[in-house]
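For the first sequence, counting from 1, position 87 maps to 81 in our numbering; every step adds exactly one.
Virtual Cβ for every residue (Gly too), placed ideally from N, Cα, C.
Fair warning: this is a prediction, and the values are worked out from it, not measured in the lab.
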Amino acid sequence: MPISTNKYRAIFAVVSRIPKGYVATYGQVARLAGLPGHARLVGYALSGLENKSAVPWHRVVNAAGGISARSGGSLADMVQRLRLEDEGVSFDEHGRIRLDRFLWRPEHAL
DNA sequence: CCACTGACGAGTG
DNA sequence: GCACTCGCCAGTG
């Protein structure tokens, strides 16, 4: 079921701004998109994307710094981790990203 | 309109 | 750090 609203475009716009080698959390993307507290919408919006999309969806992780398991298959989970590691993002023994090192900080980037 | 579900987050114990 | 609860919103039946 295709989705196309201004809210989703705002979300995609934010995700597209995440620089390579960094990650952002769902809640963070929601706030930057002007939708504070709507982390679930971010996840829902991304779930509608195709793997070939230009949006770097793999740079969006949950607040714990881990990859959220989506419904359907575990294939995409693996792809996300591999793409992140390929960009220089490392995971710890618990399979979580060190947010203190790789979390995208728009303010810090200015 | 109601109930259920889904890439989440923050608070509490 | 883990388990549980509640809050949030859109899509579907």
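Closer than 7 Å by C-beta to G21: which residues in its own chain qualify, once you throw out the five before and the five after it? Chain order, please.
Sequence-distant Cβ neighbours of G21 in its own chain, meaning closer than 7 Å and more than five residues away, are A33, A57.
Output needed for F96: all residues of its chain with C-beta closer than 6 Å, excluding positions within five of it in sequence on either side, in chain order.
Y16, V17, V83
Per DSSP, which residues does V17 bridge with? Please list them.
DSSP output for V17 lists L97 as bridge partner(s).
Just curious, the alpha helix (DSSP H) that I5 is in, first and last residue?
0 to 11
Roughly how far, in whole angstroms, is the beta-carbon of S10 from the beta-carbon of V36, given that I think they are within contact range, below 8 Å?
Contact flag wrong, Cβ pair sits at about 13 Å.
Starting from V54, follow its DSSP beta bridges and name the residues at the other end.
Bridge partners of V54: A18.
Is the separation between the beta-carbon of L78 and that of H102 shorter than 8 Å?
No, the Cβ-Cβ distance between L78 and H102 is not below 8 Å.
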